[in-house]
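Heads up, the thing below is written out as structure tokens.
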Amino acid sequence: VLIKRQRLPKTFVDKKKTFPSCVLEISDHEVLEWYTAKDFAVGRATTVLGRTFFIYDCDDFTRNFYRDKFGITDFQPVEINKKPPEEVPQVIPPYNGFGILEDSLQNCFSLHPKPPRKDIIKMLENDHKVLRYQMALESPNPEDRRRRFILSYFLSDDMISIYEPQVPNSGIIGGKYLGKTRVAKPGSTTENATYYEPSDLTIGSTIEGKSQPGLVTLS
């Protein structure tokens with residue numbers, strides 16, 4: 001509703017310079033004249049609360065009212081050429097790396113996004129089935145190359161997690177290196193996302209994440 005049912009002011013009393021330009025409620029003291037039915041007619045523009053509206057047609061009840069009340073018989077409607085709504089192409093923003101791509105993508109399709117559907121059969125058949133690999137960090141730093149990681153590939157949902165075992169007196173604090181998520185391959189796009197699969201995890205292969213350096217599979 002643009003304007004609730006109320007009386008509309010037509011002419012205001014001369015305002016003082018100190019009168020605020022915006023008030024919450026207009027009282028009868030500020031209004032000199034109010035709009036009545038005589039002020040509205042087909043083909044006439046009317047300014048209401050600072051906005052100009054053009055009346056181009058009316059219904060049968062309004063025609064009968066004006067004919068009986070004011071003797072007006074000219075109700076020729078004015079043709080309004082409505083522009084067809086412009087189709088705005090939906091542009092999907094680039095993936096920012098937070099969360100899962102399919103889950104984040106739902107924010108572009110609905111104000112109330114729903115989580116993507118999961119393959120329940122695959123999850124039940126491959127529950128607790130995890131492939132584990134020993135990885136090394138691909139880095140020009142010799143100290144980083146000596147670091148070792150454990151990559152876990154979960155067959156139930158094709159997610160990957162990487163853990164770095166703690167080595168005493170090494171100066172490197174171990175722990176979670178990459179939380180459980182799906183890792184997209186280099187060059188993957190939002191429209192055509194491709195993820196690492198078990199066939200990609202061979203000895204000597206390199207895995208590159210969005211913000212992590214490359215990891216080389218050792219065993």
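Numbering-wise, the sequence shown is residues 1 to 219 according to UniProt numbering.
Glycine residues also receive a C-beta, built at the ideal position from the N, C-alpha and C atoms.
{"query": "Suppose you measure from the CA of glutamate 138 to the CA of isoleucine 207; what does that come to, to the nearest Å?", "result": "10 Å"}
{"query": "Are the CB atoms of lysine 122 and serine 156 nearer to each other than 9 Å?", "result": "yes"}
{"query": "Spatial neighbours of valine 13 within its chain, please: C-beta separation below 8 Å, excluding the five flanking residues on both sides.", "result": "His29, Glu30, Val31, Leu32"}
{"query": "Where do the N-terminal and C-terminal ends of the beta strand (DSSP E) with arginine 148 fall, by residue?", "result": "148-154"}
{"query": "So, with DSSP's three-state summary, where would you put tyrosine 95?", "result": "coil"}
{"query": "So proline 165 packs on glycine 174, CB below 8 Å; how close in whole Å?", "result": "5 Å"}
{"query": "Return helix, strand or coil for tyrosine 196, following the three-state DSSP convention.", "result": "coil"}
{"query": "For arginine 67, name the three-state secondary structure that DSSP assigns.", "result": "helix"}
{"query": "With DSSP collapsed to three states, give me the class of glutamate 87.", "result": "coil"}
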